[in-house]
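J.: First residue of the sequence shown? That's 45 in the working numbering, and the numbers climb one at a time after it.
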Amino acid sequence: MRKLFLLCFLIITQTSGAAVSESVTYIYYTANAEPSHSLLKILNTATPIRQNGHVFHAYTKWYIKWNFRWFENPDGRCKITSVTTQLTASINLPQLVGDTSTQQNQFDDYLSALRTHELGHYDIGKQAADTIDSKILTLPEMSSCKTLESAANDIGYQTLDEYKEIELQYDASTGHGKTQGAWLER
45 MRKLFLLCFL IITQTSGAAV SESVTYIYYT ANAEPSHSLL KILNTATPIR QNGHVFHAYT
105 KWYIKWNFRW FENPDGRCKI TSVTTQLTAS INLPQLVGDT STQQNQFDDY LSALRTHELG
165 HYDIGKQAAD TIDSKILTLP EMSSCKTLES AANDIGYQTL DEYKEIELQY DASTGHGKTQ
225 GAWLER
């Protein structure tokens, strides 16, 4: 009976992780086509996405939230027992209305490339969430729960900073999607 109790105790105190939960929302803004205008002009006029004096036709924003539970030993030492990590994202894209068939064909090609680029941003957010989840889950036992909590949150925030930098590098290496076909000639 004592062995069974010990086995149950060990199973309960082992760390457990679950897959990161994900939620993606697509938000579309309307771009009203004018037959005499280029697709670039139509989208530049319609887009609500402007940053640092630049106009963008799409934007992905992601947010990561993590929670964890721990087990405190009688001596005060503490170990993570479970982590729950959530990735929430929104992807803003254009929707063309009132267009000619030529504009629609050009827009369809452009939108496909734009979506590919934005999903790259989302994938970076997913990698960040997975990294946070696994790093927190594998933290070693620490001298106190306060120390463990601080270490876990430090890992989360440091990982966010690292992946925001990776996102900037992604935009730089793709020319904000240009190398992926998300580009309209001026």
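Just so it is clear, CB atoms sit at the ideal spot from N, CA and C, and this is done for glycine as well.
Quick caveat: nothing in here was measured; it's all calculated off a predicted structure.
Could you have a look at residue 183 and say whether DSSP puts it in helix, strand or coil?
T.: coil
J.: Would you check if the distance between the CB atom of residue 128 and the CB atom of residue 166 is smaller than 7 Å?
T.: no
J.: Grab the span of the alpha helix (DSSP H) containing residue 244 for me, first residue to last.
T.: Because the chain here runs from 45 to 230, residue 244 falls outside it and cannot be looked at.
J.: Looking only at its chain, what residues have a beta carbon closer than 6 Å to the beta carbon of residue 51, apart from the 5 residues adjacent to it on each side?
T.: With a pLDDT of 38 at residue 51, under the threshold of 50, the predicted position of this residue should be treated as unreliable, though the coordinate-derived value follows. Excluding sequence neighbours, residue 51 sits near nothing in its chain.
J.: Check whether the Cβ atoms of residue 132 and residue 67 lie closer than 7 Å to each other.
T.: yes
J.: So, for residue 7: in the same chain, excluding its five sequence neighbours on each side, which residues have a beta-carbon less than 7 Å away from its beta-carbon?
T.: Since the first residue of the chain shown is 45 and the last is 230, residue 7 is not available in this structure.
J.: Is residue 152 near the ligand FAD, going by C-beta to nearest heavy atom under 6 Å?
T.: Only the bare structure without any ligand can be found here, which leaves the ligand FAD out of the picture.
J.: Can you tell which of 169, 160 and 171 has its C-alpha closest to the C-alpha of residue 222?
T.: Closest by alpha carbon: 160.
J.: Quick one: grab the DSSP three-state call for residue 82.
T.: Residue 82 falls in the coil class under three-state DSSP.
J.: Name, in chain order, the residues that DSSP records as bridge partners for residue 71.
T.: Per the DSSP secondary-structure output, residue 71 pairs in a beta bridge with 136.
J.: What are the residues that DSSP puts in a beta bridge with residue 94?
T.: Residue 94 is bridged to 99.
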